[in-house]
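Asker:
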Amino acid sequence: MNRGRLGLLLVAGLAVCLLSSSPRMWAAPGMDPLRQTVPTRTPTPGPGPPTSPTPTEGVVEDTPAPLPPTATHTLTAEPTASPTSAPALSPTASPSVVAPPTTAASPTPMPVWDFGDAPDPAHFSLLARDGARHSVVEYEWLGEAVDEEQDSRQIDQDLHDDGVEMGELMTCTEASLEVKVTIQRRDDVEHPYDGEHLLYLNVLVDWDGDGSWAGRVSCPEGMVASEWAVRNLPIDVSLWPDGATSALVPLQFPTGPRVGNTWARFTVSYGEVVSGDDWDGRGAFTFGETEDHLVTISLAPTPTVEEASRPTVATPTPVAGVGLAMGTSLWQPVLCFGVGLLLGIAVVTLLVAAKRRDWRILTGGLILIVLLLVGGCLYYGPNVARSFLIPGPGSPTTQPTPRERLIPTATQTEAASAQPAGTATEVFGSPAPDLTVVSTIQAAGPEPQRPTATPQFVVATPAPVAMAVSDRFGFGVAVRPVGRYAVDQLHAGWYVNWTTDSKPLRPGGMEYAQMIRVQGSSYHPNGQDLETVIRSNPGSLWIVGNEPDVIWQDDSTPAEYARVYHEVYGLLKSVDPTCQVAIGGVSQATPLRLRYLDMILEAYRDLYGEMIPVDVWNVHGFILREERGSWGVEIPPGLSVDQGRLFEIDEHDDMEIFDEQIMAFRRWMKERGERNKPLIVSEYGILMPEEYGFPYEKVREFMYATFDYFMTATDHSLGYPADGNRLVQRWAWYSLSDTNYPTGNLFDPDTGRITPLGLAYGSYTASH
Numbered sequence: 000m001n002r003g004r005l006g007l008l009l010v011a012g013l014a015v016c017l018l019s020s021s022p023r024m025w026a027a028p029g030m031d032p033l034r035q036t037v038p039t040r041t042p043t044p045g046p047g048p049p050t051s052p053t054p055t056e057g058v059v060e061d062t063p064a065p066l067p068p069t070a071t072h073t074l075t076a077e078p079t080a081s082p083t084s085a086p087a088l089s090p091t092a093s094p095s096v097v098a099p100p101t102t103a104a105s106p107t108p109m110p111v112w113d114f115g116d117a118p119d120p121a122h123f124s125l126l127a128r129d130g131a132r133h134s135v136v137e138y139e140w141l142g143e144a145v146d147e148e149q150d151s152r153q154i155d156q157d158l159h160d161d162g163v164e165m166g167e168l169m170t171c172t173e174a175s176l177e178v179k180v181t182i183q184r185r186d187d188v189e190h191p192y193d194g195e196h197l198l199y200l201n202v203l204v205d206w207d208g209d210g211s212w213a214g215r216v217s218c219p220e221g222m223v224a225s226e227w228a229v230r231n232l233p234i235d236v237s238l239w240p241d242g243a244t245s246a247l248v249p250l251q252f253p254t255g256p257r258v259g260n261t262w263a264r265f266t267v268s269y270g271e272v273v274s275g276d277d278w279d280g281r282g283a284f285t286f287g288e289t290e291d292h293l294v295t296i297s298l299a300p301t302p303t304v305e306e307a308s309r310p311t312v313a314t315p316t317p318v319a320g321v322g323l324a325m326g327t328s329l330w331q332p333v334l335c336f337g338v339g340l341l342l343g344i345a346v347v348t349l350l351v352a353a354k355r356r357d358w359r360i361l362t363g364g365l366i367l368i369v370l371l372l373v374g375g376c377l378y379y380g381p382n383v384a385r386s387f388l389i390p391g392p393g394s395p396t397t398q399p400t401p402r403e404r405l406i407p408t409a410t411q412t413e414a415a416s417a418q419p420a421g422t423a424t425e426v427f428g429s430p431a432p433d434l435t436v437v438s439t440i441q442a443a444g445p446e447p448q449r450p451t452a453t454p455q456f457v458v459a460t461p462a463p464v465a466m467a468v469s470d471r472f473g474f475g476v477a478v479r480p481v482g483r484y485a486v487d488q489l490h491a492g493w494y495v496n497w498t499t500d501s502k503p504l505r506p507g508g509m510e511y512a513q514m515i516r517v518q519g520s521s522y523h524p525n526g527q528d529l530e531t532v533i534r535s536n537p538g539s540l541w542i543v544g545n546e547p548d549v550i551w552q553d554d555s556t557p558a559e560y561a562r563v564y565h566e567v568y569g570l571l572k573s574v575d576p577t578c579q580v581a582i583g584g585v586s587q588a589t590p591l592r593l594r595y596l597d598m599i600l601e602a603y604r605d606l607y608g609e610m611i612p613v614d615v616w617n618v619h620g621f622i623l624r625e626e627r628g629s630w631g632v633e634i635p636p637g638l639s640v641d642q643g644r645l646f647e648i649d650e651h652d653d654m655e656i657f658d659e660q661i662m663a664f665r666r667w668m669k670e671r672g673e674r675n676k677p678l679i680v681s682e683y684g685i686l687m688p689e690e691y692g693f694p695y696e697k698v699r700e701f702m703y704a705t706f707d708y709f710m711t712a713t714d715h716s717l718g719y720p721a722d723g724n725r726l727v728q729r730w731a732w733y734s735l736s737d738t739n740y741p742t743g744n745l746f747d748p749d750t751g752r753i754t755p756l757g758l759a760y761g762s763y764t765a766s767h
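Residue numbers 0 to 767, in numbering that gives the first Met the number 0, belong to the letters of the sequence shown in order.
(1) Could you give the distance in angstroms between the alpha-carbon of ILE296 and the alpha-carbon of PHE706?
(2) Out of curiosity, what's the CA-to-CA distance linking LEU298 and PRO677?
(3) What's the call for ASN201, buried or exposed, on a 16-neighbour Cβ count within 10 Å?
(4) Are the CB atoms of GLU148 and PHE114 within a distance shorter than 8 Å?
(5) Starting from the C-beta of ASP575, find all residues in its chain whose C-beta is less than 6 Å away, skip the five residues before and the five after it, and write them out in chain order.
(6) Using only CA atoms, which one of GLN642, LEU638, LYS697 lies nearest to GLY684?
(7) Please return the same chain residues whose Cβ sits closer than 8 Å to the Cβ of GLU778, not counting the five positions on each side in sequence.
(8) Check the Cβ-Cβ distances between PHE286 and every residue of chain C, and say whether any is below 8 Å.
(9) Candidates TRP227, PHE474, ILE648, GLY751: which alpha carbon is nearest GLU510's?
(10) PHE265: which of GLY275, THR244, VAL178, VAL223 sits nearest, CA to CA?
(11) For TYR695, count neighbouring C-beta atoms within 10 Å of its own C-beta (all shown protein chains included) and say buried if the count is 16 or more, exposed if not.
(12) I believe TYR522 touches VAL567 by the beta-carbon criterion, under 8 Å. Please report the beta-carbon distance rounded to the nearest angstrom.
(13) Could you check whether ILE648 and TYR691 sit closer than 8 Å to each other, using their CB atoms as the reference points?
(14) Going straight from the alpha carbon of ALA485 to that of ARG752, what length do you get?
(15) Could you check what DSSP says for GLY343 in three-state terms: helix, strand or coil?
(16) Leaving out five residues before and five after VAL543 in sequence, what residues of the same chain have Cβ atoms less than 6 Å from its Cβ?
(17) Whose CA, out of GLY743, PHE657, GLN251, lies closest to the CA of LEU756?
(18) First and last residue of the alpha helix (DSSP H) that includes GLN513?
(19) Considering only the alpha carbon of each residue, which of PRO636, VAL476, LEU504 lies closest to TRP551?
(20) Along the chain, where does the beta strand (DSSP E) containing VAL680 start, and where does it finish?
(21) Count Cβ pairs between the segment 714-723 and the segment 662-679 that sit closer than 8 Å; are there 3 or more?
(22) Using CA coordinates, which residue listed in SER520, LEU504, GLY519 is at the minimum distance from GLN513?
(23) I'd like the span of the beta strand (DSSP E) that includes LYS179, first residue to last.
(24) To which residues of the same chain is SER520 closer than 8 Å at the C-beta, ignoring the five residues directly before and after it?
(25) Roughly how far, in whole angstroms, is the beta-carbon of GLY270 from the beta-carbon of LEU203, given that I think they are within contact range, below 8 Å?
(26) Just the Cα atoms here: how many angstroms apart are VAL59 and ALA467?
(27) Return the residue from the list ALA144, LEU349, SER681, MET668 that minimises the CA-CA distance to THR244.
(28) Does the beta-carbon distance from VAL580 to TRP616 come in below 8 Å?
(29) Give every residue of the same chain whose Cβ lies closer than 6 Å to the Cβ of HIS651, excluding the five residues on either side of it in the sequence, and list them in chain order.
(30) With a 10 Å radius around its C-beta and 16 neighbouring C-beta atoms as the bar for buried, classify ARG34 as buried or exposed.
(31) Using only alpha-carbon positions, find the residue among SER736, ASN739, LEU745, TYR708 that is nearest to GLN728.
(32) Got a sec? Which residues, its chain only, sit under 7 Å from PRO99 by beta carbon, not counting five neighbours each side?
(33) Run the CB neighbour count on ARG184, radius 10 Å, all protein chains shown included, and call it buried at 16 or more, exposed below.
(34) For PHE387, count neighbouring Cβ atoms within 10 angstroms of its own Cβ and tell me buried if that reaches 16, exposed if not.
(35) From VAL229, ALA174, LEU570, TRP140, pick the residue whose C-alpha is nearest to that of ASP597; which is it?
(36) Could you give the first and the last residue of the continuous beta strand (DSSP E) run that contains THR285?
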């Protein structure tokens, strides 16, 4: 029996080794190792470059540190020199440049400007041809200095084209380069830099060498390069560290197939965005600078057609006071096989021990098997057991993946009962816009091409919204079904549970928002299963995806999401023309996430030749760190930067940032011609645990503050005209109940009883 004991010890040792070998095994208390929204008190640095310290007042750094296109930058202090003249804007400004009413007026006219110097008439540079020009050059510019001239200096004769650090450009790949943006000072009250006064960066590249900057070109493998390579990239100077007046902004965009020299135009402006589908480089700006560069494009050794490579999730460093948490990676199949092998060996050992009547080994083996089973359940998620305890009808045929069980908006159980289907009137409290289907779209294949007949859904002018106050309030249901909670105490009007349901529960007549989940280039449910749900719920609100910008949520590159959205939108409208389709909400409305959305719009236009059709715009309202390998929401798929907004833990409930992000999203909508669409915030709340400084009282005050904000925030130039210019039409608190992030729970997921926060929620809605 010595061999039996030895075998038992070997099995136990292998089990411990195997279960401790996962790269995602350890996480801080209350922390999902995938989403990583809850950091340790001293978050472990990610694999990217370390954040440079903020320069002290009056100290000049030799080289600006690289920074992402989010205006959350590591920067340099005062420049050594700056322009001094201040010429005026031409009285005949080009209509292609759109300036908000807050743009500062030009000072006393001067006879000098700043122009580009690309060859004219091949490109628009000369004053007589309405070339891009700037009348006030003393406030912001590219590089170290800026030229002052009465007209374009032909050709390539500018002295200060020094704002672009050009890397090697290869055909049909992703171009990576850096642009240095400099400002003169930050304390000028007449020329402020804040969330309402942004800089904008535009880049044009003549990929086909035809002498114009309009249109787009295609590579043999399918990559499409727009000649308007960077469109209105926002830069928020107010987010720069104190004393910093310059920054390196990294850019990335697809290149064309042509080899040789070509011209590129880089334009920075203050408060002025360039509108329209194409810009050919013409127009008068008030502030800023334009630089033209002759760039060389070489033949790529192996042409690629993929977008920027997907970021790799870094392994969290073990910290003190850790606990088991489940991960999703290639280790899981290996671990599953290993646990099964160990169980098999343990069973064989038990049989041998039973035959020989060695009760000590038999008892030890039984204990080992129980530990393996319990450990496996803990390792592969606490919701595995729950899925068997709360079964129910209406479950989708596609079971949730391990990753979906982990996400904070995960579908954890499947249960529903038959209730009447909703209508579009229920979704927004007013008659749905009249929709006329001009043509029918076929479901896109795995590699969709430009359709011969694009469906045109003509939406009538939105009718004024007449919505009950309670109908605006909603919540997310992470631990289902909603019927196990007395949600009538909340006096809310709608809910979402991150899935679809052909017969959703509608307690008290509540409305249910359907959600189709996206994973890369696929989605579920699909096919006949999806058509059945659509037909059973006419007039419903459909959300296509959940946080496609987050790699442990729906994890889709812009091109992947554009293709899926096109296919899903066409199917939804062809089956139910009265439905309303919402875009998947990005996790937060930061510059980095808005850039990701712009990439979706660009990909959709390149693929299908039109603006992406959206009935309802949707965004999430979290405040989480954007840094590769760190806690928070990481970097969106398809972007190669390493960081965006580096929020700290104590900013998680900052109402100024909350307001800033909602305003930024509404401004983004307006600049893209989407102001006359409703906006919903389908997920927001507090994810940090109490021990991180978020006790009940603080969470309640944040919830009340957001409710007050949503109820009263209006803007005559940005808001939804059909709703009294309100910024947000509906919102959903996270969450009704959740086991992973319980701080914001309105009900206890174990007992089903309402929490003090739930009582506070219901008290607010009942009194309004």
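Note that beta-carbon positions come from the ideal geometry of N, C-alpha and C, so glycine has one too.
Answerer: Inspection of the coordinates gives the following:
(1) One-based indexing of the sequence shown puts residue 296 at position 297. One-based indexing of the sequence shown puts residue 706 at position 707. When only Cα atoms are considered, ILE296 and PHE706 end up about 53 Å apart.
(2) One-based indexing of the sequence shown puts residue 298 at position 299. One-based indexing of the sequence shown puts residue 677 at position 678. Those two C-alpha atoms are separated by around 46 Å.
(3) For this step, residue 201 is matched to residue 202 along the sequence shown. Buried, since its Cβ has 16 or more Cβ neighbours within 10 Å.
(4) For this step, residue 114 is matched to residue 115 along the sequence shown. For this step, residue 148 is matched to residue 149 along the sequence shown. For PHE114 and GLU148, yes; Cβs fall inside 8 Å.
(5) The residue labelled residue 575 in the question sits at position 576 within the sequence shown. Cβ neighbours of ASP575 beyond the five flanking positions: ILE533, PRO537.
(6) Looking up residue 684 in the sequence shown gives position 685. Ranked by how close their Cα comes to the Cα of GLY684, the residues GLN642, LEU638, LYS697 have LYS697 in first place.
(7) As displayed, the chain neither begins before 0 nor continues past 767, which places residue 778 out of reach and without an answer.
(8) Of the chains in the structure shown, none is chain C; there is only one protein chain.
(9) By 1-based counting over the sequence shown, the position of residue 510 is 511. It is PHE474 whose Cα lies nearest to the Cα of GLU510.
(10) Walking along the sequence shown from the start, residue 265 turns up at place 266. Ranking the options by Cα distance to PHE265, first place goes to VAL178.
(11) By 1-based counting over the sequence shown, the position of residue 695 is 696. Exposed: under 16 other Cβ atoms inside 10 Å.
(12) By 1-based counting over the sequence shown, the position of residue 522 is 523. By 1-based counting over the sequence shown, the position of residue 567 is 568. With 8 Å as the limit, TYR522 and VAL567 qualify as a contact, their Cβ atoms being about 6 Å apart.
(13) Working through the sequence shown from its first residue, we reach residue 691 at position 692. Working through the sequence shown from its first residue, we reach residue 648 at position 649. It is a contact, given that the beta carbons lie within the stated cut-off.
(14) Taking the sequence shown and counting its residues from 1, one reaches residue 485 at position 486. Taking the sequence shown and counting its residues from 1, one reaches residue 752 at position 753. Looking at the two C-alpha atoms, the distance is approximately 8 Å.
(15) To locate residue 343, count along the sequence shown from 1; it is residue 344. Three-state DSSP puts GLY343 in a helix.
(16) As a position in the sequence shown, residue 543 is number 544, starting the count at 1. Taking VAL543 as the centre and dropping the five residues before and after it, the same chain places the C-beta of ILE515, TYR564, VAL567, GLY583 closer than 6 Å to its C-beta, in chain order.
(17) As a first step, residue 756 must be located in the sequence shown, where it is residue number 757. Minimum Cα distance to LEU756 is reached at GLY743.
(18) As a working note, residue 513 is residue 514 in the sequence shown. Where GLN513 is concerned, there is no enclosing alpha helix (DSSP H), although the beta strand (DSSP E) it sits in stretches over 510-518.
(19) As a first step, residue 551 is located in the sequence shown; it is residue number 552 there, counting from the start. Taking the Cα of TRP551 as reference, the smallest distance to any Cα among PRO636, VAL476, LEU504 is reached at PRO636.
(20) Counting from one through the sequence shown, the residue named residue 680 turns up at place 681. Going by DSSP, VAL680 is part of the beta strand (DSSP E) stretching over 678-684.
(21) Flag = yes, the segment 714-723 and the segment 662-679 touch.
(22) Reading the sequence shown from its first residue, position 514 is the one you call residue 513. Per the Cα distances, LEU504.
(23) For this step, residue 179 is matched to residue 180 along the sequence shown. Looking at the DSSP string, the run of the beta strand (DSSP E) that includes LYS179 is 173-182.
(24) Residue numbering aside, residue 520 sits at position 521 when the sequence shown is read from its first letter. For SER520, where only same-chain residues beyond five positions count, the Cβ hits under 8 Å are PRO445, SER555, GLU559, ARG562, VAL563.
(25) As a first step, residue 270 is located in the sequence shown; it is residue number 271 there, counting from the start. As a first step, residue 203 is located in the sequence shown; it is residue number 204 there, counting from the start. That pair is no contact at about 20 Å.
(26) Position 60 of the sequence shown, counted from the first residue, corresponds to residue 59. Position 468 of the sequence shown, counted from the first residue, corresponds to residue 467. Confidence in VAL59 is poor, its pLDDT being 31 and thus under 50, which makes the residue's placement unreliable; the coordinate value appears in the next sentence. Straight-line Cα distance between these residues: approximately 57 Å.
(27) Position 245 of the sequence shown holds residue 244. Cα-wise, what sits closest to THR244 is ALA144.
(28) Residue mapping note: residue 580 aligns to position 581 of the sequence shown, counting from 1. Residue mapping note: residue 616 aligns to position 617 of the sequence shown, counting from 1. Contact flag unset, no.
(29) Along the sequence shown, read from residue 1 onward, the residue named residue 651 stands at position 652. Answer for HIS651: ILE622, MET687, listed in chain order.
(30) Taking the first residue of the sequence shown as 1, we reach residue 34 at position 35. A caution first: ARG34 carries a pLDDT of 35, below 50, which makes its placement in the model too unreliable to give a value.
(31) As a working note, residue 728 is residue 729 in the sequence shown. The residue with the shortest Cα to Cα distance from GLN728 is TYR708.
(32) The count along the sequence shown starts at 1 and reaches residue 99 at position 100. Caution is warranted here: a pLDDT of 42 is assigned to PRO99, below 50, making its placement in the model unreliable, and no coordinate value can be reported.
(33) Looking up residue 184 in the sequence shown gives position 185. The residue is exposed, with fewer than 16 neighbouring Cβ atoms inside 10 Å.
(34) To locate residue 387, count along the sequence shown from 1; it is residue 388. Its pLDDT being 30, under 50, PHE387 is placed unreliably by the model, and the measurement read from it follows with that caveat. An exposed status is given to PHE387, since fewer than 16 other beta-carbon atoms sit within 10 Å of its beta-carbon.
(35) Here residue 597 corresponds to residue number 598 of the sequence shown, with the count starting at 1. The option with the nearest alpha carbon to ASP597 is VAL229.
(36) As a working note, residue 285 is residue 286 in the sequence shown. Taken as a continuous stretch (DSSP letters only), the beta strand (DSSP E) holding THR285 covers 283-286.
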